[in-house]
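Trainee:
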Amino acid sequence: MHTGVRRTAALLGVTGLLAACSGSTSPSPTPSPPVAKVGSTLITQSQFDVRLQSTFVALQQGGAPSADPTMQTSIRATVLRSLILDAIIAQEATAQGIEATDSQVQAEINTDAQQAGGMSQLESQLASAGGSMAQLQDEIRSELNEQRLENAFARQRAAAVEQTLAGGADFAATAQQYSDGTGTSSKGGDLGQLSTADLQSDDPAFAAAVKALAVGTYTHTPVRDSGGYDIIEVYAATSSMWGVRHILVAAPMPYSVQDRPAWFTGSLFTTVAQDCRAGQIHVYTHDAGADPCSGAPNLSPAPLPSLPGA
Numbered sequence: 130m131h132t133g134v135r136r137t138a139a140l141l142g143v144t145g146l147l148a149a150c151s152g153s154t155s156p157s158p159t160p161s162p163p164v165a166k167v168g169s170t171l172i173t174q175s176q177f178d179v180r181l182q183s184t185f186v187a188l189q190q191g192g193a194p195s196a197d198p199t200m201q202t203s204i205r206a207t208v209l210r211s212l213i214l215d216a217i218i219a220q221e222a223t224a225q226g227i228e229a230t231d232s233q234v235q236a237e238i239n240t241d242a243q244q245a246g247g248m249s250q251l252e253s254q255l256a257s258a259g260g261s262m263a264q265l266q267d268e269i270r271s272e273l274n275e276q277r278l279e280n281a282f283a284r285q286r287a288a289a290v291e292q293t294l295a296g297g298a299d300f301a302a303t304a305q306q307y308s309d310g311t312g313t314s315s316k317g318g319d320l321g322q323l324s325t326a327d328l329q330s331d332d333p334a335f336a337a338a339v340k341a342l343a344v345g346t347y348t349h350t351p352v353r354d355s356g357g358y359d360i361i362e363v364y365a366a367t368s369s370m371w372g373v374r375h376i377l378v379a380a381p382m383p384y385s386v387q388d389r390p391a392w393f394t395g396s397l398f399t400t401v402a403q404d405c406r407a408g409q410i411h412v413y414t415h416d417a418g419a420d421p422c423s424g425a426p427n428l429s430p431a432p433l434p435s436l437p438g439a
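In C-alpha cells:
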C-alpha cells in the first residue's frame, strides 16, 4: 500500500536536486491563492499544505525532534521545491500523453482500500498515522507521473544507445559510458559466464533474449525487463554457458524516486534551469531557499544527444 512516509522520504531527497539549482497546517477546504506558478500551472496553498502536512507526519514518525523556526523554514522551502518539480514532471508527462488521470489515481486508491479491508479501514489507517486521503492522492499522482516519465525517457535513451551501436560503436565502451548496471558498467557491461541455472533465476525476458542470441550478436531492440531496458550481447557460448555483456537503461519496476538514475536527474536539472532562464517559474512565498531559480546554475549534463530534456 502507498504510504505518506515512503513518498515524503522521496520528497526530502529532492532537496539536493533543486537546492543545487538554487508548525504543520491542515489542507484548506476552499480554493486558495497560489504559492507558485510553473508555466501555466498554479501551485495552490492547499496543495502546499497537504504536502507540508505529509512531511511533518513523516518526520514525526521517523522520530525527528520538533522543528525549530529555522528548520521549519527549510522544510517549507523543500516542500515547495518538490511541488515545483512535480509540476514540471506533470507537464512533460502531459506533453507525452502519459500523465496520471483522476481515474487512474482512484484505481490505485481502490487497490489500497481492498488491501486494507475497505475504504473506511484505509481512511482509518491513514488517520491513525496522521495522514489523510488528500495526502494519499498527492503521493500516488506524483509517483505515477514520475514513474511514467522516467520510463518514457528510459525507452528513448535505450533507443538512442541502439543507434550509437548501429553506428559502429564498441559495445563494451558504450556500456562503460551509458549503462546504469551497478557493478558492471565499469567492466564494459560484462556479466561474466552465466549458466542455465543463472538464467533460470534471472528475469524471464532477459533469459530468453540471451538464449536467442548467436555468439557475437546483440539485441537490436532493447529488452524490457524488471530492471529497465536492456541491450544484451553474447560474446561466448557453450551448450550450457553464455558469456554476456549488457547495457542497462534503468527503469525499475516497481519504481522508487530514491533509485532515480543520474541521467534522469540530469534531465530534470536541465529542465528546471531552462524554465528559470525562460521566466517560467514564479514563487510567491518568502521562505528562504524556496525559489529554485535563485542563483540557478547553467547546468549542462552530457547524456546522448538525442535524449529528451538533454
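The numbering used here puts the sequence shown at residues 130 to 439.
Ideal Cβ positions, reconstructed from N, Cα and C, are used throughout, including at glycine.
Remember, it's a predicted structure, so these values are computed and weren't measured experimentally.
1. Less than 8 Å between the beta carbons of LYS340 and LEU328, yes or no?
2. Quick one: using the 10 Å Cβ neighbour count with 16 as the cut-off for buried, is PRO421 buried or exposed?
3. Please report the residue range of the beta strand (DSSP E) in which LEU323 lies.
4. Assign ASP231 to buried or exposed, taking buried as 16 or more other Cβ atoms, counted over all protein chains shown, within 10 Å of its Cβ.
5. Taking the beta strand (DSSP E) that LYS166 falls in, what are its first and last residues?
6. Only counting the same chain, and skipping five residues up and downstream in sequence, which positions put a Cβ closer than 6 Å to that of THR132?
7. Please classify ASN239: is it buried, with 16 or more other beta-carbons within 10 angstroms of its beta-carbon, or exposed?
8. Hey, which unbroken runs of the alpha helix (DSSP H) at 4 residues or more fall wholly within the region 329-369?
9. With the cut-off set at 8 Å, would you say ILE360 and GLU291 are in Cβ contact?
10. When we look at the beta-carbon of ASP309 and count the other beta-carbons within 10 Å, is it buried (16 or more) or exposed?
11. Rounding to the nearest angstrom, what Cα-Cα distance links ALA338 and THR348 in this structure?
12. Between LEU377, ARG284, ALA343, which has its C-alpha nearest LEU225's C-alpha?
13. DSSP on GLY372, reduced to helix/strand/coil?
14. Please determine if the region 173-188 and the region 264-279 are in contact, where contact requires at least 3 C-beta pairs separated by less than 8 Å.
15. Counting pairs of beta carbons, one from the region 371-390 and one from the region 307-321, are three or more of them closer than 8 Å?
16. Count the CB pairs spanning the region 407-420 and the region 198-212 that are closer than 8 Å, and state whether there are at least three.
17. Excluding five sequence neighbours on each side, which residues of the same chain lie with their C-beta closer than 8 Å to the C-beta of GLN266?
18. Is the beta carbon of ALA288 closer than 8 Å to that of PRO383?
19. Run through the DSSP bridge pairs and tell me what THR170 is partnered with.
20. Using beta-carbon positions only, say whether ILE227 and ALA165 come within less than 8 Å of one another.
21. Using three-state DSSP, classify ALA407 as helix, strand or coil.
22. Considering only the beta carbon of each residue, do ALA391 and GLY357 sit closer than 8 Å?
23. Does the pairing of the region 397-405 with the region 293-302 give three or more beta-carbon distances under 8 Å?
24. Extract the residue ranges of the beta strand (DSSP E) inside the region 228-269, only unbroken runs of 3 or more that lie entirely within it.
25. Nearest by alpha-carbon distance to SER169: which of SER195, GLY192, GLU221, GLN201 is it?
26. Quick one: grab the DSSP three-state call for ALA391.
27. Would the beta-carbon of GLY395 fall within 8 Å of that of TYR364?
28. Just to confirm the assignment, what range does the alpha helix (DSSP H) spanning ALA417 have?
29. Less than 8 Å separating the beta-carbons of MET248 and ALA256?
30. What first and last residue would you give for the alpha helix (DSSP H) that runs through THR303?
Mentor: Taking the coordinates as given:
1. A contact, by the Cβ cut-off of 8 Å.
2. Buried.
3. Unbroken beta strand (DSSP E) run through LEU323: 319-324.
4. Counting the other CB atoms within 10 Å of its CB gives ASP231 a total below 16, which places it among the exposed residues.
5. First-last of the beta strand (DSSP E) with LYS166: 163-167.
6. Caution applies to THR132, whose pLDDT of 45 falls short of 50 and renders its modelled position unreliable; the model cannot decide the point.
7. The residue in question, ASN239, is exposed, as its Cβ has fewer than 16 Cβ neighbours within 10 Å.
8. Assignment of alpha helix (DSSP H) within the region 329-369, counting only whole runs of 4 or more residues, yields 333-341 in chain order.
9. With a cutoff of 8 Å on beta-carbon distance, ILE360 and GLU291 are scored as near each other.
10. So ASP309 ends up on the buried side.
11. Cα-Cα distance, rounded: 7 Å.
12. Strictly speaking, residue 225 in this sequence is Gln, with Leu absent from that position. Cα-wise, what sits closest to GLN225 is ARG284.
13. Three-state result, GLY372: strand.
14. Touching, yes.
15. Touching, per the Cβ criterion.
16. Touching, per the Cβ criterion.
17. Only VAL234, ILE238 meet the Cβ criterion.
18. No; because the gap between Cβ atoms is not below 8 Å, this pair is not in contact.
19. Beta-bridge pairing links THR170 to VAL167.
20. Contact: no.
21. Coil.
22. Contact: no.
23. No, the region 397-405 does not touch the region 293-302.
24. As for any beta strand (DSSP E) of minimum length 3 sitting wholly inside the region 228-269, there is none.
25. It is GLU221.
26. DSSP places ALA391 in helix when its eight states are reduced to three.
27. No; because the gap between Cβ atoms is not below 8 Å, this pair is not in contact.
28. Unbroken run through ALA417: none, as it is neither H nor E.
29. Going by C-beta atoms, MET248 is not nearer than 8 Å to ALA256.
30. Annotation: the continuous alpha helix (DSSP H) that includes THR303 extends over 300-307.
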